[in-house]
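First the structure, in the form of structure tokens, and then the observations on it.
Chains as they are written, first to last, in my numbering: chain A, 1 to 389; chain B, 1 to 159; chain C, 1 to 182; chain D, 1 to 410.
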């Protein structure tokens, strides 16, 4: 801390003669750029951020308490509202933990596996679209946000047809998925893929290739790989720092080992590895990879059951403890599930990627400017529902 | 280094101080006393290369057992090899040494475990509530927790 | 409570000045402008905020009805859309933001959580069971989250309510909602 | 309309009796049309902004309030007037009330010296440009006062940013003014326009090879003066909540709003007068045919100048809804380290050009001498700059998006 203070003093012309006063700035919980109800206490010297401290908990919705009080099937509903931008992933993560309790004899039907992959990847695209759109808005470009929402609406319409909800799907259930997807819907998803890919070029024109955008994001909020790992950052934040860690590749869950896709990592195209631009760019590239996976899945989706017969309507997970993680759009979403053989789980702990990602904020925003702080928060792409649970 | 090798190393270095090892469980773990934990943490990070604290789960194991903290550790490379460490403490002395200097992400996780379960992490630089409001009373994830009838004059239990 | 009731009688619809032709015409004009330009506050709390954004985006385009300019500061907003779960930690801030808005101000409780606590009503120890416990709510839009069309319908209800405003009626009888007090 | 300022002043000051009445009468007679025009410009440009932004964003924009939302701005304005007027506790009440008026006054007074036609000018000052440069910065003082008086940290940030912005953009703006003055040899607005009569290559924009650069400098600096994106730092909604007007509500906020849009018109009209031939269409025979009667000359002249101004306003809006916001230090870097040196060079070179190859005013001196070298060079430079910028932008985008779907394996 003290070293930072001296460095800002050195920046001021005249050095010691110029007396500056520190200002304590309370950003949030209601602020247009905090992506929800994050509150950041910022100690500034003019526009320079000396230190900041994120305060979370303004959306603490007692997820873990609910899981201890409602049945396992009902708990799926609450997982939706963790990372409400990638509800499919949350469902899947939780169901995977419950399924793990059943042991290897529980086999998820093939068709359900494919539907899960398609839904998860579509949802990843929807989530990244929002991340990119709001990131553009954070740095002052409003139009890309509207363009992203235009595409997002199409995905939400697909989901609405599949499971009747636009945001909190409650679709992936222990042992399979809730409803089947008909062929017309699969054709529509294929059409969406063809429609969507050229649209990414539009975002590239508007943002990735925009000189002002590059200047605002390159070399800003540099997160080194070591620091990222130390803080437990995962997902695009870790990959933006040049670490190619993706659970879909490292520990393929579901049927991800059958698909061909790349893991985009930050390479410091315009600045340093691990800056805001890298994190942003990883998301843009992941949208292409997700489309690629969806297309492969659409080609080879089999028919058949969508729910395992082994899991009855009344879900009583066997006694045991399981910890599973999936690669959600914000990083590794983990669930630590403790069951004592009853219908209601004994304890559920959610390992939320955003919780880790936002905790690194003070480290990477020190010494930057106030406008950079906004850009950094945006590039971390947090969802407060998940941070606060 | 595979998980088996890590367990063997830990056993060799710590011997009796590791109270339980279960490699066959769904989530393989080693168990130790709270006093061993700082040494074990440093050993796991520096010698075994488990550089990422994936998750810290606090669990209320109920009367007669006490509180438990589960640390899921992992090496952040392509192998993604990891192991869990479990530490059990009684209610009346729910104190575990803090490891925020080993893995910095432990900072917020320990605050969360303190907030929701009341496990005190000794040596933590700022052990205050993180999720609940500052003046919240009790630790909500304890099994005997009763949610307050009123909070700041607003009725809370309506059902 | 009783003196407010008296005031309502005094300033309410019985007041002879209220039916003055000039006043009613001014009423009409002012109400038309208010109805046509309801500026909401950029105030997202949780899931519902995403649907609120979708309402402002291209497909649903709330700007068609003049409610496009989402103002970041409460001082310039007419409508507070409480979009998402309000926790006990957040509640004082929500109230403060409401207090900072200039009159006439309106509140939409968007989503099940703000209406009543929604799925968190029973075990949500840290969740405020309905935002009408801290601020008066004009229109409730249920859903988890409500569709953008539902929010637009909520906006129309607010516009209908604005139509009933009377210029000389300081107490805003029939318009101002009550706080839920238990 | 074009009264001789000298005699008028004498008339007002003439005798003691009724001095104040006469002063008030003259002030009202002048202020009324400006007020009307400012309001009209505000209404139109705010409506345009909302429609243009909506269509850029694949939306419709205001549709329900009047045909295609034409009455939207009126509704907004009257609503803001009828809102509660809040002055926050702890604010400097007098300064808080004064700030919007100060901000508006700067723009309002600027209208006095901006011509709408050959005779349609409130006051054709000999030092019109100088007056504008001086009075134009008054808005910034209002903005700074607003932020300071609000007793709000975000507003303070906004006002300090506004102050920073003023000291940064005023210098290149002034340099652009001086460059035009050096070429024109006058500071009077009407005289400058008269010199640009004839074909469009007579416009100052193409007068010599350095004027297009001066125009671009002026345009960028004028964006900063109106606090438009990418220089909307004092407002910066995503950073500073609403910047300097965070605490303003109701009518006071409406005045700020109006001042912003009026300022957009002022800088655009000024660009038209200084660089784009004022009320001349740029086609000499057409101008001659129209200026046959003074009435038609004025009417058409006003239409021409307003059309040109709104084209420039459209470009401002287009930029706003396309570009992200630049950072404070980048803004200062751009203004002080890039634009000022370029402006200096342009000034010196343009002045040298003017001294060595003097432009004989084709109309003023009735000499149809066409100083071909300067105009051809000016046009060439303009085309070159446009094409160069286009290629540069395309290349930047292509270079950073080597992963476009065209060369991507899916």
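Note that the Cβ used here is the ideal one computed from N, Cα and C, for glycine as well.
Everything numeric in this text was worked out from a predicted model, so none of it was measured.
With DSSP collapsed to three states, give me the class of residue 190 of chain C.
There is no way to answer for residue 190 of chain C, as the model of chain C reaches only from 1 to 182.
Show which residues of chain C have a CB atom less than 7 Å away from the CB atom of residue 60 of chain A.
87, 89, 126
Taking all protein chains shown into account, decide if residue 134 of chain A is buried (16 or more other Cβ within 10 angstroms of its Cβ) or exposed.
buried
So, at 6 Å on beta carbons, what are the nonlocal neighbours of residue 355 of chain A in its own chain, with the 5 sequence-adjacent residues on each side left out?
387
CB contact check: residue 390 of chain D to chain A, cutoff 7 Å
no
7 Å Cβ cutoff met for residue 19 of chain B and residue 31 of chain B
yes
For residue 80 of chain D, is the classification buried or exposed, using 16 other Cβ atoms within 10 angstroms of its Cβ as the cut-off for buried?
buried
Quick one: grab the DSSP three-state call for residue 327 of chain A.
strand
Taking C-beta pairs closer than 7 Å, name the residues in chain B that residue 28 of chain C reaches, listed in chain order.
Chain B residues near residue 28 of chain C: none, gap ~40 Å exceeds 7 Å.
Assuming contact is defined by CB atoms lying nearer than 7 Å, are residue 133 of chain D and residue 169 of chain D in contact in what I supplied?
no
Given 8 Å as the limit, is there contact between the segment 97-107 of chain A and the segment 323-342 of chain A, that is, 3 or more CB pairs closer than that?
yes
On the premise that residue 88 of chain D lies in contact with residue 146 of chain D, defined as a C-beta separation below 8 Å, what is that separation, rounded to the nearest angstrom?
At roughly 12 Å, the Cβ-Cβ gap does not stay under 8 Å, so residue 146 of chain D and residue 88 of chain D are not in contact.
Assess contact between the segment 103-123 of chain A and the segment 299-308 of chain A, defined as three or more Cβ pairs (one per stretch) separated by less than 8 Å. Is contact present?
yes
Please list, in chain order, the chain C residues whose beta carbon lies closer than 7 Å to that of residue 84 of chain A.
46, 47, 50
Cross-strand partners of residue 44 of chain A (DSSP beta bridge)
A:23, A:49
Relative to the C-alpha of residue 150 of chain C, which residue among C:78, C:60, C:135, C:161 is closest?
C:60
How many angstroms separate the CA atom of residue 246 of chain A from the CA atom of residue 57 of chain D?
35 Å
Should residue 77 of chain C and residue 101 of chain C be called a contact, given that it needs their Cβ atoms to be closer than 7 Å?
yes
Identify which residue in A:151, A:117, A:272 has its Cα closest to the Cα of residue 186 of chain A.
A:117
Extent of the continuous alpha helix (DSSP H) run through residue 241 of chain D:
From DSSP, residue 241 of chain D is part of no alpha helix (DSSP H); its letter is neither H nor E.
Any contact between the segment 23-41 of chain C and the segment 124-143 of chain C? By contact I mean 3 or more CB pairs, one from each, below 8 Å.
no
Residues of the segment 24-39 of chain A with a CB closer than 7 Å to any CB of chain D: list them in chain order, please.
25, 31, 32, 33
Any idea what DSSP makes of residue 359 of chain A, helix, strand or coil?
helix
Would you call the CB atoms of residue 309 of chain D and residue 273 of chain D closer than 7 Å?
no
Using a C-beta cutoff of 7 Å, does residue 122 of chain C count as contacting chain B?
yes
Tell whether a beta-carbon distance below 7 Å holds between residue 161 of chain C and residue 138 of chain C.
yes
Is residue 394 of chain D close to chain A? Criterion is C-beta to C-beta, closer than 7 Å.
no
Which partner residues does residue 155 of chain B have in the DSSP bridge list?
B:150
Leaving out five residues on either side along the sequence, give the residues of the same chain with a beta carbon under 6 Å from the beta carbon of residue 132 of chain C.
180
So, with DSSP's three-state summary, where would you put residue 143 of chain C?
coil
From this set, D:192, D:227, D:140, which residue's C-alpha is nearest residue 113 of chain D's C-alpha?
D:192
Is it true that the CB of residue 79 of chain C sits closer than 7 Å to the CB of residue 40 of chain C?
yes
Please tell me whether residue 254 of chain D and residue 90 of chain D are closer than 7 Å, where the distance is taken between their beta carbons.
no
Residue 139 of chain B - DSSP class collapsed to helix/strand/coil:
coil
Which word fits residue 204 of chain D, buried or exposed, when buried means at least 16 other C-beta atoms lie within 10 angstroms of its C-beta?
buried
Residue 174 of chain D - partner residues in DSSP beta bridges:
Answer is none; residue 174 of chain D lacks a bridge partner.
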